[in-house]
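Numbering (full-length UniProt numbering), first residue to last: 1 to 192. For each residue, glycine too, the CB sits at the ideal point set by N, CA and C.
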């Protein structure tokens with residue numbers, strides 16, 4: 001059963017990639033020299049270990065064996081589109097998720113802060129918002145499956161994020177709390 005779920009999530013992420021690439025239009029897809037990158041990452045959550053692609057820090061809310069996949073397409077004429085799919089999490093529950101600056105580590109804090117296009121205070125709504133960061137909040141269905149998508153008008157420069165972190169709840173936008181989504185529950189390494 002686990003192999004089927006892994007294959008199913010991989011196919012879903014691959015289908016998302018094909019749809020996004022097709023959605024860029026023939027001119028964009030064939031345009032030579034257009035800077036950009038397509039990234040697909042997926043993993044099965046487990047305790048931290050060297051080389052582990054997906055790490056859980058809270059097995060109650062992100063159980064070992066749950067899965068996640070990320071597709072990111074960045075093009076100068078398109079901006080950056082990022083999609084997240086998860087399976088095997090707690091059913092009918094809200095989670096927060098963001099793109100972070102560093103790779104996953106033995107604790108959630110190892111992934112560093114949220115990646116910001118224009119860097120500023122992490123709780124200031126002028127910087128901590130879904131136009132300057134990549135927010136991927138989602139709510140799981142009865143099967144523990146959830147999806148999220150983000151589109152921003154910018155692309156990555158020399159600074160590139162390295163992970164997606166799943167948080168305890170949807171992201172706050174209130175002053176002094178902007179960007180906050182509670183404890184870091186899990187992390188997926190992504191080669192953005």
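Item to check | Opening and closing residue of the beta strand (DSSP E) in which residue 194 lies | outcome: It is not possible to answer for residue 194, since the shown part of the chain is limited to 1 through 192.
Item to check | Length of the line joining the Cα atoms of residue 159 and residue 75 | outcome: 16 Å
Next on the checklist: Pop quiz: residue 188 and residue 54 are said to be a contact at Cβ under 8 Å. What is the actual Cβ separation, rounded to whole angstroms?
Outcome noted: 5 Å
Next on the checklist: As a quick exercise: from 100, 139, 70 and 36, pick the residue whose alpha carbon is nearest that of residue 90.
Outcome noted: 139
Next on the checklist: Taking 8 Å as the limit between beta carbons, can you name the residues of its chain near residue 25, skipping five residues before and five after?
Outcome noted: Residue placement at residue 25 is poorly supported in this model, since its pLDDT is 30, which falls under 50; the coordinates are not used for a value here.
Next on the checklist: Assuming residue 102 is part of the beta strand (DSSP E), what are its boundary residues?
Outcome noted: Counting along the chain, residue 102 falls outside any beta strand (DSSP E), and DSSP gives it neither H nor E.
Item to check | Sequence-distant residues of the same chain with beta carbon closer than 6 Å to residue 66, five excluded per side | outcome: 45, 88 and 89
Checklist entry - Buried or exposed: which applies to residue 85, given that a residue is buried once 16 or more other Cβ atoms fall within 10 Å of its Cβ? => result buried
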